[in-house]
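Q: Can you read through this structure? Questions will come right after.
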Amino acid sequence: MPSNMWLGSLRLLLLLAAAVTAAAEPASTLMGPSRPVTVALREDRGHAVDLPDTDPRVQRRANGWAPEQIAVALSAAPTSAWVSWITGEFQMGGTVKPLDPGTVGSVVRYGLAADSLVRVATGDALVYSQLYPFEGLQNYTSGIIHHVRLQGLEPGTKYYYQCGDPALPGTMSAVHAFRTMPAVGPRSYPGRIAVVGDLGLTYNTTSTVDHMMSNRPDLVVLVGDVSYANLYLTNGTGADCYSCAFGKSTPIHETYQPRWDYWGRYMEAVTSGTPMMVVEGNHEIEEQIGKKTFEAYRSRFAFPSAENGSFSPFYYSFDAGGIHFIMLAAYADYSKSGEQYRWLEKDLAKVDRSVTPWLVAGWHAPWYTTYKAHYREVECMRVAMEELLYSHGLDIAFTGHVHAYERSNRVFNYTLDPCGAVHISVGDGGNREKMATTHADEPGHCPDPRPKPNAFIGGFCGFNFTSGPAAGRYCWDRQPDYSAYRESSFGHGILEVKNETHALWRWHRNQDMYGSAGDEIYIVREPERCLHKHNSTRPAHGR
């Protein structure tokens, strides 16, 4: 072949390769709002099936006082972390006697090598109960739950640890390892952050978790609805819809608390080596005697509440490199006169965007869902908090609750806004309840706007729109402009923050090949456009 023909062929190949690369490059929010996309339902995914208590993955493998359900959680800063575990067996019955938390110590040995666990930390232990004052219902009391905070850690460092009580024979765990978050700073970020919601403990859950861990996340963020123990009666009988099956026949909404233990055992392979941060959902309410609520949630997980000043397990914040995460409560008082709002104001005021450029929030119930299920359900929370978060330049909001996937364009107050947040709902983790498939904008499917009694989500704020394409109506008559992509499939998401301005978001379907993405986009911050350069944190609207 003549040299000029060879060079021409080479140039053509290079051009083709460049075209393929360009075509494969994800879209970017810099391109402006994308046209709304709805992926048609390929098949009715119906109900998911829970793992039974006979599955080896949920059965107790620890003997005596040996630790189980081991989990790592972050503290407010990367120089400390929490290790949690459970010892002893739970009890179920009409009459239960709680274990003594002082029976076994709460000790973690840790260090930089598996054979050199030279540092020691101690912590606290507790037991919680789920009690029902009704004849025939089974009560529950947990094993001993331990929480130990490790301090003086180096950021971005792998630590080996074992937990238990070295004073008692056979009560120390195997050696596990986790990596602390990178140092706080604008050029320091975790490699991958997995975001998932509404997990439950079904065979679809196991597919979600398998796909998620194949992406090797450095951190898992779970935006509520964890074990779905409240889909069961206290005798262990479960249903896909509690209110449909049992709502009229039980004096209180029962739960089967051993499902929490099953979940902790199954998830230990993840949580013992990868830090996981959790925020509450509606399935964690779990009312019991004396109108107590959220006992399992607040007892089983460690939260950096004291470290960041919220002193609440329902809302808190933490730093992961150059990202400031804020976890908010959709089921605690979020009014402007409440403690959560006042804490949020103080927390946001302390954020230095030159140190942590990214501001990311997570809570359970979405503000910008277009599905019929839970449509505008927490509108009062949005009305109370959106302007405050917007004024501080919130970049991304992660939510769950709706059992489908949806990503918004940048939006504020239902209006496309280049300085608004991207809202991403990942309530498609795989739980037992039905997948959400119906959209509020489909003919005949706009839900009844009348308020529904609920003690946990405030009053009624979902009035008809007063402007825009849906003016005078409660629902749009087409997929709203602020909804960029929606699809009814189980899956999880991965956030990769690349630098101070660019982050890659990928959503992965369970039914796809490992590593392939169903939806992906670069979320790009524009601080010069959206934040004043001086002391004010009020966005300067770019039009």
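In mature numbering (1 follows the signal peptide of the UniProt record, and there is no 0), the protein residues as written are -23 to -1, 1 to 520. All residues carry an ideal CB built from backbone N, CA and C; glycine is no exception. The model shown is predicted, which means the values in this text are computed figures rather than measured ones.
Between W340, E316 and F389, which has its C-alpha nearest N259's C-alpha?
A: Minimum Cα distance to N259 is reached at W340.
Q: Report yes if the C-beta distance between P10 and N386 is below 9 Å; otherwise report no.
A: Yes, Cβ-Cβ distance for P10 and N386 is below 9 Å.
Q: Taking 6 Å as the limit between beta carbons, can you name the residues of its chain near L(-17), skipping five residues before and five after?
A: Because L(-17) sits at a pLDDT of 49, beneath the cut-off of 50, its placement in the model cannot be relied upon, and the following sentence gives the value as read from the coordinates. Once the five neighbours on either side are set aside, L(-17) has no close Cβ partner at all.
Q: Would you tell me roughly how many angstroms separate the C-alpha atoms of F442 and E363, rounded to the nearest one?
A: Near 17 Å, if we compare the C-alpha coordinates of E363 and F442.
Q: Considering only the beta carbon of each residue, do C438 and V379 sit closer than 9 Å?
A: For C438 and V379, no; Cβs fall outside 9 Å.
Q: If we ignore side chains and look at the alpha-carbon of each, how far apart do V26 and N487 end up?
A: Rounded to whole angstroms, V26 to N487 spans 15 Å at the Cα level.
Q: Would you mind sorting I266 into buried or exposed? The rule is 16 or more other CB atoms within 10 Å of its CB.
A: With fewer than 16 Cβ atoms within 10 Å of its Cβ, I266 is classed as exposed.
Q: With three or more C-beta pairs closer than 8 Å as the rule, is the segment 396 to 408 touching the segment 461 to 479?
A: The segment 461 to 479 is in contact with the segment 396 to 408.
Q: Pick helix, strand or coil for E112, following the three-state DSSP scheme.
A: Looking at E112 - three-state DSSP - the assignment turns out to be coil, as it is neither helix nor strand.
Q: With L76 and G120 assumed to form a contact (beta carbons below 8 Å), what rounded beta-carbon distance in angstroms separates them?
A: L76 to G120, Cβ: 7 Å. Contact.
Q: Alpha carbon to alpha carbon, how far is P446 from M(-19)? Give it in angstroms, no decimals.
A: Interpretation of M(-19) is limited by its pLDDT of 47, a score under 50 that renders its predicted location unreliable; the figure taken from the coordinates is listed afterwards. Cα-Cα distance, rounded: 57 Å.
Q: In the segment 335 to 369, which residue ranges form an unbroken beta strand (DSSP E) of at least 3 residues, counting only runs that do not cross its ends?
A: With a minimum length of 3 residues, the continuous beta strand (DSSP E) runs that stay inside the segment 335 to 369 are 335 to 339.
Q: Which residues bound the beta strand (DSSP E) around C140?
A: Element bounds for C140: K135 to G141.
Q: Which value, in whole angstroms, describes the spacing of the CA atoms of L89 and W335?
A: If you take the alpha carbons of L89 and W335, they lie about 30 Å apart.
Q: Output the boundary residues of the alpha helix (DSSP H) element that contains Y459.
A: First-last for Y459: undefined, no H or E at that position.
Q: Our contact map puts D217 next to E410 with C-beta atoms below 8 Å; I'd like the distance itself, whole angstroms only.
A: D217 to E410, Cβ: 6 Å. Contact.
Q: Find the nearest neighbour of C452 within the set D425, E477 and D195, judged by alpha-carbon distance.
A: Considering only alpha carbons, the answer is D425.
Q: By the three-class DSSP mapping on this structure, what secondary structure does residue 568 have?
A: Nothing about residue 568 can be read from this structure; the chain reaches only from -23 to 520.
Q: Measure the C-alpha to C-alpha separation of G435 and K429 and round it to an integer number of angstroms.
A: Roughly 10 Å between the two C-alpha positions.
Q: Could you tell me the alpha carbon to alpha carbon distance between A144 and K475, rounded to whole angstroms?
A: Answer to the nearest angstrom: the Cα atoms are 46 Å apart.
Q: Ends of the beta strand (DSSP E) at W62?
A: Note, W62: beta strand (DSSP E), A58 to T64.
Q: If you drop the 5 nearest sequence neighbours on each side, which residues of the same chain put their C-beta closer than 6 Å to that of S249?
A: Excluding positions up to five away in sequence, the list reads I47 and H153.
Q: Between N408 and Y138, what straight-line distance do the alpha-carbon atoms span, to the nearest angstrom?
A: Their Cα atoms are separated by approximately 32 Å.
Q: Helix, strand or coil, according to DSSP, for L199 in the structure here?
A: In the structure shown, L199 sits in a strand (DSSP, three-state: E or B).
Q: Taking its Cβ as the centre, do 16 or more other Cβ atoms sit within 10 Å of D489, making it buried, or is it exposed?
A: Exposed, by the Cβ-count rule.
Q: Would I500 be called buried (16 or more neighbouring beta carbons within 10 Å of its own) or exposed?
A: With 16 or more other Cβ atoms within 10 Å, it is buried.
Q: Using DSSP bridges, identify the partner residues of D272.
A: The amino acid at residue 272 is misidentified as Asp; the sequence shows Glu. DSSP output for E272 lists no bridge partner at all.
Q: Use the C-beta contact count for T179: other C-beta atoms within 10 angstroms, 16 or more gives buried, fewer gives exposed.
A: Per the 10 Å Cβ criterion, buried.
Q: Can you tell me which of A338, S52, N212 and G397 puts its alpha carbon nearest to the alpha carbon of G71?
A: Checked all of A338, S52, N212 and G397; the closest Cα to G71 is N212.
Q: Looking at the strands, I want to know which residues DSSP matches up with Y382.
A: DSSP lists V403 and E464 as partners of Y382.
Q: Taking 8 Å as the threshold, find out whether the segment 110 to 129 comes into contact with the segment 298 to 305 through three or more Cβ pairs.
A: These segments do not touch.
Q: Helix, strand or coil, according to DSSP, for M412 in the structure here?
A: Three-state DSSP puts M412 in coil, outside helix and strand.
Q: Can you name, in chain order, every residue of its own chain whose Cβ lies under 6 Å from the Cβ of G397, other than the five neighbours on each side?
A: Cβ neighbours of G397 beyond the five flanking positions: R387, V388 and F389.
Q: Within its chain, find whatever has a CB closer than 6 Å to the CB of A448; leave out the 5 residues flanking it on each side and keep chain order.
A: Cβ within range, chain order: F442.
Q: Would you call V161 buried or exposed, if buried means 16 or more other Cβ atoms sit within 10 Å of its Cβ?
A: V161 comes out buried.
Q: Given G79, which residues of its chain have a CB within under 8 Å of its CB, disregarding the five upstream and five downstream residues?
A: Cβ within range, chain order: A102.
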